[in-house]
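Residue numbering for the sequence shown follows our numbering, starting at 80 and increasing by one per position.
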Amino acid sequence: MRIEITSFGRNYGVPEADVLLDVRCLENPFWVPELKEKCGLDAEVQDYILGFPECREYIGRLTELMSLQAKMAMRRGLSCLRIAVGCTGGRHRSVTVAELLARRFREENYEITLTHRDIERG
């Protein structure tokens, strides 16, 4: 089964997906001056978000849930699962979570397509 993951900024519209995840509850690196211009691909941004125990727990649970969703979808014969991960601008939090989900799915040997739709806009 193929899994398509898209990070996006809610400010620019919500993409069509089977599962829509809103990660605006996570700590926002946008408000940290030295991280504002960076993105969720940067280790500093990922470390900042994962540096909060509650954020780490949230992402861990979310990853487990999406892993279960993928397994169940595959058993039901679905050929594709589309997951959209959104934050406000689509540059920091959604990118970080999408990257972590993609890493997990690759470890589980799924075919992954990963798109960061608004990374340059946010």
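Think of the CB as a built atom: it goes at the ideal place given N, C-alpha and C, for glycine as much as any other residue.
Tell me the residue span of the beta strand (DSSP E) that contains E83. R81 to G88 is the extent of the beta strand (DSSP E) around E83.
Take every Cβ of the segment 127-138, pair it with every Cβ of the segment 150-160, and state whether three or more of those distances are shorter than 8 Å. No: fewer than three Cβ pairs fall under 8 Å.
How long is the line joining the alpha carbons of Q125 and A96, rounded to whole angstroms? Roughly 24 Å separates the two Cα atoms.
Starting from G139 and walking both ways along the beta strand (DSSP E), at which residues does that stretch end? Going by DSSP, G139 is part of no beta strand (DSSP E) but of the alpha helix (DSSP H) stretching over P132 to R154.
Could you say if the segment 103-123 and the segment 158-175 meet the contact criterion of at least three C-beta pairs nearer than 8 Å? Because the criterion of three Cβ pairs below 8 Å is met, the segment 103-123 and the segment 158-175 touch.
Could you tell me how far apart the beta carbons of D197 and G88 are, in whole angstroms, since I believe they sit closer than 8 Å? Yes, they are in contact, since the Cβ atoms of D197 and G88 sit about 4 Å apart, within 8 Å.
Keeping to the same chain, check which residues put their C-beta closer than 6 Å to that of L100; ignore five residues upstream and five downstream. Around L100, the same chain offers V164 as residues with beta carbons nearer than 6 Å, after the five sequence neighbours per side are excluded.
Are the CB atoms of I191 and A181 nearer to each other than 8 Å? Yes, the Cβ-Cβ distance between I191 and A181 is below 8 Å.
What span of residues does the beta strand (DSSP E) with R161 cover, start to end? Element bounds for R161: C159 to C166.
Consult DSSP for I128 and reduce its assignment to one of helix, strand or coil. Correct three-state label for I128: helix.
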